Amino acid sequence: MPLPPSPAARLLAALDLPTGDAHDLPPSPHRFPDGGQYRVEIPSVEGPRVLAAVIEEARGRDVPIHRVSQGSGIMLLTDAEIGEMCGMCREARLELSLFVGPRAAWDTGASIVSPAGRTLGAQLRGQDQVRHALDDVLRAVALGVRSVLVADMGLLRLLDVAKQAGHLPSTLIIKISVQLAAANPLAVAVLADEGATTINVPTDLSLAHLAAIRQHCDVPLDVYVEVPDGFGGFVRHYEIPALIEAVAPVYVKFGLRNAPDIYPSGLHLEHVAVLMARERVRRAELGLALLQRQAGEAVLVMSRVGAVGAPGIPE
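For the sequence shown, position 139 matches number 150 in my numbering, and the numbering has no gaps at all.
Structure follows, in structure tokens:
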């Protein structure tokens, strides 16, 4: 006999909120605008040469990619490098998402080196740093970038207000970093309400956790199915079919375990970054092949690659 619902469960139900994690993994009714259930993201694409390697490897392996993202920050790319990356992604019909550069971990504060303060590392420390971050975004947008990656609630609100007021393109994608770490349906909904258009959730959430989030929020979720060591090092390829069915619309994101932390990257690490990027594409090939084998006759729909008018493609 099931236990009677607790007072909290009854209140959540009365508020039309999930009363717990979705252990039955109900199929998600939500889709990307083109009807797709999933897209593919390759992270840590740190500059033009790394991007070129990703595009070349994807074409050689026939691996569809929808988005590439970068982590070192807009401020560590020259105008020429950003322009080159925009041109390459425009030609390949790829969304290019660049991380906003300033962050507490590179500032002079001591909290982020303390055991309890490490989670603050990607946030913005003080209003001066907020201004620097906005300058980073304005520069990228002026160069054609239409997707930026943020890890600070204040910056999220600022960019959304600027979009609504017409100071930033209405089509600008605001992608939430995994480091903002919204780990439950209500926290994810707060980010969506503040203007997030795609949200990278923490790497250790179970399928039941993710399915509960999907019951309360319809924005795309970005989910690592292979996780860098610094975020746990999980390899979750076998969950890809169930992930897509229960969490659509979802970006299936291929990080890389057993790889060095290259942030902030540059010419001194370019060779390593290129090899890591090629291996991420290979991992995507493995993950998508597993999806085809495991899904059987189930129809799991990938978004069209390179569709005209796709969001986040540089202008």
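Beta carbons are placed, not taken as given, at the ideal position from N, Cα and C, and that holds for glycine.
Just so you know, these numbers come straight off a predicted model, no measurement behind them.
- Here DSSP, grouped into helix, strand and coil, assigns I187 to strand.
- Taken atom to atom, the span from the alpha-carbon of S108 to that of F242 is near 20 angstroms.
- In the DSSP annotation of this structure, the continuous segment of the beta strand (DSSP E) that includes I210 starts and ends at 209–211.
- Cα atoms of Y249 and I255: separation of roughly 11 angstroms, rounded to the nearest angstrom.
- Counting C-beta pairs with one atom in each stretch, the stretch 50–61 and the stretch 69–81 have three or more that are closer than 8 angstroms, which means they touch.
- Here DSSP, grouped into helix, strand and coil, assigns L232 to strand.
- Counting only residues of its own chain and dropping the five nearest sequence neighbours on each side, L197 has a CB closer than 8 angstroms to the CB of L28, H227.
- Between D45 and the set R315, R129, D35, the nearest pair of CA atoms involves R315.
- Y49 sits away from L267, with the two beta carbons spaced by 8 angstroms or more.
- Of the other Cβ atoms in all chains shown, fewer than 16 fall within 10 Å of the Cβ of T119; this residue is therefore exposed.
- Assignment of L169 by DSSP, reduced to helix, strand and coil, places it in the helix class.
- At the C-beta level, E296 and V74 come within 8 angstroms of one another.
- In this structure, the beta-carbon distance from V234 to V263 falls below 8 angstroms.
- About 12 angstroms separates the beta carbon of V236 from that of N211, a gap too long to meet the 8 angstroms contact definition.
- Between the alpha carbons of R60 and A259 lies a distance of about 32 angstroms.
- By the Cβ-count criterion, G317 is exposed, with fewer than 16 other Cβ atoms from all chains shown falling within 10 Å of its own Cβ.
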